[in-house]
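For the sequence shown, the residue numbers in this note's numbering are 5 to 282.
From the three backbone atoms N, C-alpha and C, an ideal C-beta is built for every residue, glycine too.
A quick write-up on the structure given underneath.
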Amino acid sequence: MTSLALRRPSALNLMLVAGGLLALIIVALLVLGTLALRYEPNVLDYAQILTGPSADHLLGTDALGRDLLARIIYGGYNSLFIGACVMVTTAVVGTMIGLVAGTTPRLDGLLMRLMDVLMGFPALLLALAILAALGNTAVNVVLALSLVYTPRTARIVRGDALVLSQLPYVEAAKSIGASRWRILFVHILPGIVPALVVQETFLFAYAILGEAGLSFVGLGLQPPNPSWGNILGEARASFQQAWWLVVFPGFALAFTVLALNLIGDGLGQAIDPKRRNL
């Protein structure tokens, strides 16, 4: 019998390979593109305003005559860096909150209600409100997006910590007098890491999209520093006569998010075989 169970791991491997290859291609294009650039991303050339793709400007120029390829490449570095900072911050803070909540009953209710309050607001609106109050610097963008996405990580870690803290080997560690921190970081945390890796892969994609949304409306990374979001935002005034201003940065953003989602889905199914039946 050529069972479905035998074919699904192949589909899983294909998903991981496709996502990994796409991610490698994107990183390679950013690195190699940087080495081959002929223009700086913020150099103005009023003689080349809104020129289409050509041998001189491979992806065309924007409304200020800046080379679009250079801006997409440097914007990619900025978008990925902010996304990575958000991912690391949510992983560290969310894991700590989740571990404490999942192993400390007297704090569980308080911490989870706080997470519920944060999750009750639309993510982008909450981030916009935070930036309106703090100012729209790159650091504040990271802080705002981290605050928005930390509850998701905290709830997943807390759920796993509740289960793992009841397992016999953890109870045995408690009975021989292991310290609280040893139990958390030696006995419980390793069992949470696989699910955490999957969650943070998706959060990396969410953070890149979140930064793009904030920059698109003018509250994210500020010009002249490029990001994929503010490149798209600046294109609103002229995209009808300059299609390349939307298509190329849009593709860069879409394919990056697609790669991360493919990797996240593949990792999730590899870690939890039950998901293969979904």
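Give me, in chain order, the residues of the same chain whose beta-carbon lies closer than 6 Å to that of residue i; leave out the 5 immediate sequence neighbours on both sides.
i, result
"LEU10", "Here the model assigns LEU10 a pLDDT of 39, short of 50, so the residue's position is not dependable and the matter cannot be decided."
"ALA158", "GLY98, ILE101, GLY102, MET119"
"LEU128", "GLY217"
"GLU204", "MET91, ALA95"
"LEU48", "LEU68, GLY69"
Is the CB-CB distance between residue i and residue j below 8 Å?
i, j, result
"VAL250", "PHE243", "yes"
"ALA137", "GLY214", "no"
"ALA27", "ALA263", "yes"
"ASN46", "PRO228", "yes"
"TYR43", "ALA74", "yes"
Let me know if residue i comes out buried or exposed under the rule of 16 or more other beta-carbons within 10 Å of its beta-carbon.
i, result
"THR141", "exposed"
"LEU115", "buried"
"PRO230", "buried"
"SER150", "buried"
"ILE267", "buried"
"SER169", "buried"
"ALA256", "buried"
"PRO126", "exposed"
"THR6", "In this predicted model, THR6 has a pLDDT of only 39, less than 50, meaning its place in the structure is not dependable; the value taken from the coordinates is given anyway. The residue in question, THR6, is exposed, as its Cβ has fewer than 16 Cβ neighbours within 10 Å."
"ASP60", "exposed"
To which residues of the same chain is residue i closer than 7 Å at the C-beta, ignoring the five residues directly before and after it?
i, result
"TRP248", "GLY56, PRO57, LEU63, GLY64, LEU72"
"GLN34", "Sequence inspection shows Leu at residue 34; the Gln mentioned does not correspond to that position. For LEU34, where only same-chain residues beyond five positions count, the Cβ hits under 7 Å are ILE77, GLY80, TYR81."
I'd like the list of long-range same chain contacts for residue i, defined as Cβ closer than 8 Å, with 5 residues on each side in sequence excluded.
i, result
"VAL261", "ALA209, ILE212, LEU213"
As a quick exercise: from the options, pick the residue whose alpha carbon is nearest that of residue i.
i, options, result
"PHE220", "ARG240, VAL202, PHE206", "ARG240"
"ILE187", "LEU135, GLY106, LEU223", "GLY106"
Considering residue i, what are the terminal residues of the alpha helix (DSSP H) in which it resides?
i, result
"ASN82", "72-107"
"GLY270", "248-275"
"SER179", "172-179"
With a threshold of 8 Å between beta carbons, is residue i in contact with chain C?
i, result
"ILE212", "In the displayed structure, chain C is absent; only one protein chain is listed."
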